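Colleague: Sharing a structure below in structure tokens format, with a few things to ask.
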Amino acid sequence: MESGVKRMNETKFQTVLTIAYWASIGGLLYFLVRYLLVWTLPLFFGLAIAALTRPAALTLTKKTRLGEKSAAIISLLLFYLLAAALLGLFLTILLAQLYELLDRLPVLYTQNIAPLLDRLAGWFYGLAGRFDPGAEEGLERFSQAVSDAVRQAAVDGSAHLVTIAAGVAAKLPMLLITAVFSIVVSILTAANYRAVGAAICSLVPKRWQPRVRETQRFLRETIWKLVRAYIILLAITFVELSLGLGLLGFDYVLPVAAVIAMLDILPLVGTGTILVPWGAALIAGGDMPGGIGLLLLFGVIEVLRNILEPRIVGGQIGLHPIVTITSMYAGLKIAGFVGMLAAPVVVMLVRHLSTSEPPSDYMPEHA
């Protein structure tokens, strides 16, 4: 009897210790993510880029006579040159059209927004006049106040956006330093990849090192596949929007398509958040072809997205939409935008570690 009670007490004690252990780990992870992630983000970026380009470096080593370090550095340089060329070309076109759009924003209000407001106001006056003829004067004063406020917002919007652009430009030196630091870290890591990996593994007990290597492999493959899949989806959506808006005769196609394509990546947003209200407003304003064209463009994009996304992301580890949205919201509250992007990967990693078999050379604690 006493031995049974003793075993029960030991079991309870072990349970309390386990809960305290995982609570401590959770608190430590929260502190690291909440306060240290921003400071060490360039380091993690550099390590991640070096890990993502590792397969290309190994392939280059096998197919040429280059050493591992030389192949790693060449792979990184090609990656950065390609990324810089694409980013520079895109930003040049985007900023040129965005500058022109900001310059013409007050004119766009006069030519497009004001006539639409006048048509809507006239329709509303007629509807209200049928019920209360005396209400038309008050509605007209209210409508004039709203119109003046919108007109002033359009004028002030240009100056405000220019101020925002100036603030972003003021942060460019720090962003440049961060980018240079990340590039240097990635080059040093890629050139000494095995040594860096061994140093990281040495920080954990030997019995956990096979699990650490398995985790590193899973993270590298998962992140690379996710990044590649969503870059492809983003590019497809951007091309569809650019072609569609261009064929419909709209101005400033590239900046508008870029903004809508970026919104399409976010959960619960999508292209319909912009295209559907935009198309409805054009139809209400009398531009039937433009409005119907935007609604058809939205339909085509959604159909193609539903066909292509399972094929492109089908090889990835899937999460239920509720789990994805919840984890992204929690990551956003804890670590901002970076946390929102990293949270689904963390959830997938936890699920992988809890469901996968340990590596063949894994040594449990009691061994």
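The opening position of the sequence shown corresponds to residue 32 in the numbering used here, with each subsequent residue numbered one higher.
Beta carbons are placed, not taken as given, at the ideal position from N, Cα and C, and that holds for glycine.
Note that the coordinates shown come from a computational prediction; the quantities given were computed from them, not determined experimentally.
Is Leu306 near Leu278, with beta carbons less than 9 Å apart?
Modeller: Translated into the one-based positions of the sequence shown, residue 306 becomes position 275. Translated into the one-based positions of the sequence shown, residue 278 becomes position 247. Cβ atoms of Leu306 and Leu278: not closer than 9 Å.
Colleague: Would you mind reading off the limits of the alpha helix (DSSP H) that contains Ser273?
Modeller: Along the sequence shown, read from residue 1 onward, the residue named residue 273 stands at position 242. Element bounds for Ser273: 240-278.
Colleague: Report the three-state DSSP secondary structure of Ser233 (helix, strand or coil).
Modeller: On the sequence shown, residue 233 is found 202 positions in, with the first residue counted as 1. In the structure shown, Ser233 sits in coil (DSSP, three-state: anything other than H, G, I, E or B).
Colleague: How far does the alpha helix (DSSP H) with Arg85 in it extend, from its first residue to its last?
Modeller: Translated into positions along the sequence shown, residue 85 becomes position 54. Counting along the chain, the alpha helix (DSSP H) containing Arg85 begins and ends at 85-94.
Colleague: Below 8 Å, can you find three or more Cβ-Cβ pairs linking the stretch 213-221 to the stretch 74-86?
Modeller: yes
Colleague: Does the contact criterion of 3 or more C-beta pairs under 8 Å hold for the stretch 241-261 versus the stretch 99-107?
Modeller: no
Colleague: Might you give, ordered along the chain, the residues of its own chain that have their beta carbon closer than 6 Å to the beta carbon of Ile314, omitting 5 neighbours on each side?
Modeller: Counted from its first residue, the sequence shown places residue 314 at position 283. Excluding sequence neighbours, Ile314 sits near Gly322.
Colleague: Take every Cβ of the stretch 266-274, pair it with every Cβ of the stretch 282-295, and state whether three or more of those distances are shorter than 8 Å.
Modeller: yes
Colleague: DSSP state of Gly310, grouped into three classes?
Modeller: Here residue 310 is taken as the residue at index 279 of the sequence shown, counted from 1. Three-state DSSP puts Gly310 in a helix.
Colleague: Could you tell me how far apart the beta carbons of Arg380 and Phe212 are, in whole angstroms, since I believe they sit closer than 8 Å?
Modeller: The residue you call residue 380 lines up with position 349 of the sequence shown. The residue you call residue 212 lines up with position 181 of the sequence shown. Checking the displayed sequence, the identity of residue 380 turns out to be Leu instead of Arg. Not really, about 26 Å apart at Cβ, beyond 8 Å.
Colleague: In whole angstroms, what separates the C-alpha of Thr46 from that of Thr302?
Modeller: Taking the sequence shown and counting its residues from 1, the one referred to as residue 46 is at position 15. Taking the sequence shown and counting its residues from 1, the one referred to as residue 302 is at position 271. Cα to Cα, the separation comes out at about 49 Å.
Colleague: Just mark Val216 as buried or exposed, buried being the case when its beta carbon has 16 or more other beta carbons within 10 Å.
Modeller: By 1-based counting over the sequence shown, the position of residue 216 is 185. Looking at its Cβ environment, which holds 16 or more other Cβ atoms inside 10 Å, Val216 is buried.
Colleague: What is the DSSP secondary structure of Tyr224, counted as helix, strand or coil?
Modeller: Locating residue 224 in the sequence shown gives position 193, counting from the first residue. Three-state result, Tyr224: helix.
Colleague: Just to confirm my understanding: we take Ala201, look at its own chain, exclude 5 residues before and 5 after, and list those with CB closer than 8 Å. What are they?
Modeller: Within the sequence shown, residue 201 is the residue found at index 170, counting from 1. Cβ neighbours of Ala201 beyond the five flanking positions: none.
Colleague: Quick one: residues in its chain with C-beta nearer than 7 Å to the C-beta of Ile124, no 5 flanking neighbours on either side, listed in chain order?
Modeller: The residue you call residue 124 lines up with position 93 of the sequence shown. Leu285, listed in sequence order.
Colleague: When the distance is taken between beta carbons, is Gly77 closer than 9 Å to Ile214?
Modeller: What you label residue 214 is simply residue 183 of the sequence shown in a count that begins at 1. What you label residue 77 is simply residue 46 of the sequence shown in a count that begins at 1. In this structure, Gly77 lies closer than 9 Å to Ile214 by Cβ.
Colleague: With C-beta atoms as the reference, is Leu107 less than 9 Å away from Ala88?
Modeller: Reading the sequence shown from its first residue, position 76 is the one you call residue 107. Reading the sequence shown from its first residue, position 57 is the one you call residue 88. The answer is yes: Cβ separation under 9 Å.
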